[in-house]
Amino acid sequence: MTPDISTMATRLRQAAGERQRFIVALAGPPGAGKSFLSTALCQALNEQVPGIAEIVPMDGYHFDNAVIEPAGLLPVKGAPETFDVDGLVRDLERIRASDRDVAVPVFDRPLDLARAGGRIIQTRHRIVLVEGNYLLLDKPPWTALAPLFDRTIFIDVPEDVIEERLIQRWLDMGQDREGAEERARFKDMINMQLVNAHSVTPDVIWR
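For the sequence shown, the numbering used here begins at 280 and goes up steadily by one.
Encoded structure:
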């Protein structure tokens, strides 16, 4: 399925109907373009109906380095076990209740840390886009997320394209070519393979 941004926004808005809350999972491997597409999709939705949509980024639920370093997980930061899944579940349950505004954390990539209360999901945001690598993972505790989503979308991108994007991401963050390739292939690409192999079947595959 290859709809453009505007078409996808229209389809989501139609699927949401008049529901007070419609939560969409936008999942895919590292480098698939989740942040870009969720931002563009949110903008398109808000152009169609002002104030209807907002984004909850899964990356905001990274455990802090002070938590994962003593556990020996700092070298694999970004792997499933380095996220506060229970915190994400609780926040999505509060968002689904639609009875009050909910503060959610956002990840500050240059600072390499999550900022608590970095975004407010307001009751007027009827369509909430949740974007992240592991939202459809078929392994506990990630499976607890499934009942909270009204629509699931998986972004499908060829692996060679993803690899080049990931290398470029590390280059942009100041790594030399050798370091960028090593980080991409022995960290991000491992997570990519996990996501591709162990995500449940989505409602929509977006190519």
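In this text, a Cβ means the ideal position worked out from N, Cα and C, and glycines have one as well.
- When the Cα atoms are used, K418 and V303 turn out to be separated by approximately 19 Å.
- A direct Cα-Cα distance of roughly 37 Å separates V407 from R456.
- Rounded to the nearest whole angstrom, the C-alpha separation of V328 and K313 is 22 Å.
- Shortest Cα-Cα distance from G397 to any of A319, F362, T480 and G339 involves G339.
- A direct Cα-Cα distance of roughly 6 Å separates I399 from V383.
- For H341, the closest of T480, N412, M471 and V479 by C-alpha to C-alpha distance is N412.
- The shortest CA-to-CA distance from I484 to any of Q299, P308 and E297 is the one to P308.
- Measuring C-alpha to C-alpha distances from I284 to each of R300, L324, T402 and P437 identifies L324 as the nearest.
- Leaving aside the five residues that flank V381 on each side, the residues in its chain whose CB is nearer than 8 Å to its CB run, in chain order, D370, R373, I374, I399 and I400.
- Taking a C-beta distance under 8 Å as the contact criterion, L414 and M337 qualify as a contact pair.
- Looking at the backbone, the Cα of V368 and that of D439 are separated by about 33 Å.
- In this structure R405 is in contact with R298, their Cβ atoms being roughly 7 Å apart against a cut-off of 8 Å.
- Fully enclosed beta strand (DSSP E) runs of no fewer than 3 residues occupy 381-387, 392-400 and 406-411 of the segment 358-423, in order along the chain.
- Counting only the Cα atoms, E410 lies some 11 Å from E333.
- Rounded to the nearest angstrom, the gap between the Cα atoms of L416 and T289 is 27 Å.
- Judged by beta-carbon spacing, R448 lies beyond the 8 Å limit of D482, meaning their Cβ atoms are not closer than that value.
- Taking all protein chains shown into account, L353 has fewer than 16 neighbouring C-beta atoms within 10 Å of its C-beta and is therefore exposed.
- Here DSSP, grouped into helix, strand and coil, assigns A311 to coil.
- With respect to A311, I432 sits apart: the two C-beta atoms are not nearer than 8 Å.
- P354 sits in a helix when the DSSP states are folded into three classes.
- The Cβ atoms of K466 and V355 sit closer than 8 Å to each other.
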